[in-house]
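**Student:**
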Ligand code: NI
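Residue numbers (our numbering): 102 to 360.
1. Going residue by residue through the stretch 169-213, where are the continuous alpha helix (DSSP H) segments of at least 4 residues, counting only ones entirely within it?
2. With DSSP as the reference, please indicate the residues paired to residue 159 in a beta bridge.
3. Rounding to the nearest angstrom, what Cα-Cα distance links residue 335 and residue 297 in this structure?
4. If you reduce the DSSP assignment to three classes, tell me which class residue 245 lands in.
5. Does the distance from the CB of residue 354 to the CB of residue 123 come in under 9 Å?
6. Assuming contact is defined by CB atoms lying nearer than 9 Å, are residue 140 and residue 157 in contact in what I supplied?
7. If distances are taken between C-alpha atoms only, which option among 179, 155 and 119 comes closest to residue 143?
8. Measure the alpha-carbon distance for residue 317 versus residue 310 and round it to whole angstroms.
9. Exposed or buried, what is residue 223 when buried is set at 16 or more other beta-carbons lying within 10 Å of its beta-carbon?
10. Just mark residue 303 as buried or exposed, buried being the case when its beta carbon has 16 or more other beta carbons within 10 Å.
11. Alpha carbon to alpha carbon, what distance is there between residue 164 and residue 242?
12. If residue 274 sits next to residue 299, beta carbons under 8 Å apart, how far is it from one beta carbon to the other, in whole angstroms?
13. For the beta strand (DSSP E) containing residue 230, list its first residue and its last residue.
14. So, with DSSP's three-state summary, where would you put residue 295?
15. In whole angstroms, what is the alpha-carbon distance linking residue 323 and residue 306?
16. For residue 199, which residues from the same chain have a beta carbon less than 7 Å from its beta carbon, with the 5 sequence-adjacent residues on both sides left out?
17. Looking only at its own chain, which residues have a Cβ that is under 8 Å from the Cβ of residue 268, when we skip the five neighbours before and after it?
18. Relative to the alpha-carbon of residue 173, which residue among 136, 205, 211 and 195 has its alpha-carbon at the smallest distance?
19. Whole angstroms is fine: what's the gap from residue 112's alpha carbon to residue 271's?
20. How about residue 167: is its Cβ closer than 8 Å to a heavy atom in the ligand NI?
21. Checking 9 Å against the spacing of the C-beta atoms, do residue 103 and residue 277 come in under that value?
22. Hey, residue 193 and residue 227: beta-carbon distance below 9 Å or not?
23. Look up residue 273 in the DSSP assignment and say whether it is helix, strand or coil.
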C-alpha cells in the first residue's frame, strides 16, 4: 500500500471527476489520501470530500499565500474543526518567500499560530517552505523549545541544512514528483541520506506530476511513480519503500486508523 500524504482534491481541477480520481488511486494501490486545507474559510467543501470517501482524510489550516486574507482567524478556528474524526493534520502553513503572496510578518504570525494548534492537538503540522529555509528552521527550533509538536516538511525542495535541522527536531520530510525531475540531483542526494523512518511521499496534486506524467494534471495514482524513483534513489525494492513510507505515515498521522 502507498499513501498520498498531501493532495488538494478540493481544487476546481478535480470538480467534475472526483470519483474517477479516487477510483484510479484505489486501483493503483493508494490506500489513504490526505487532502490539505489552504483556507479555513473553504474548509466545509474540503470536509465534505473527506466524508464522501472512506480512504480520504483532511487537514485544517491557512496556506501562507493566504495568511493576510485570513489574518483574523484565531486559534479556536483551527482547534474546533480539528476535533472532527476526519481531520488528521494542521496546515498547510509555513513561509513562502518565493511568491510573497502575503507579507512576511503575516505569514510568520500564521505559522506560529498553526504551530500552537499542532502542539495543543498533537496533530502533525504540514509545512510549506519555499525559499525560506533559515526562517523555517529558526522558528521550528524556537517553537520546539516551548514544547514539542510533530511536523512534516511537505514538498521538500530545501537544502541539506534545513533537512538536518528538521530531523534533529523529530520532523519528517515528504517528496513530490519534483524528486523525479532530471535536474533534481541535489534533492535525490538528500533523499538518499535520510533516515528510513522519516520519509513520506505525496503528489501535491493537481501540480507537479512525476516523470512520465510531467505537464499533465497530477493525481494521487501517480504517487506510484515517485515511490519508484525514491526506491531507486535509496537502493531498496519498491515493495520495501512502500511498506516503509506507509509505516511512517501512520506513525506521524496517528489519528488515521491503522489498516
Ligand atoms: Ni499543498
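Glycine residues also receive a C-beta, built at the ideal position from the N, C-alpha and C atoms.
**Tutor:** According to the structure data:
1. 176-180
2. 136 and 188
3. Just so you know, the alpha carbons of residue 335 and residue 297 end up roughly 9 Å apart.
4. helix
5. no
6. no
7. 179
8. 6 Å
9. Here residue 223 is exposed. Its C-beta has fewer than 16 other C-beta atoms within 10 Å.
10. Flag for residue 303 reads buried.
11. 21 Å
12. 6 Å
13. 226-231
14. coil
15. A straight-line Cα-Cα distance of about 9 Å links residue 323 and residue 306.
16. Excluding sequence neighbours, residue 199 sits near 231 and 232.
17. 274, 295, 296 and 299
18. 211
19. Taking the straight line joining both Cα atoms gives about 31 Å.
20. Remark: the C-beta of residue 167 is outside contact range of the ligand NI, defined as less than 8 Å to any heavy atom.
21. no
22. yes
23. Here residue 273 sits in strand by DSSP.
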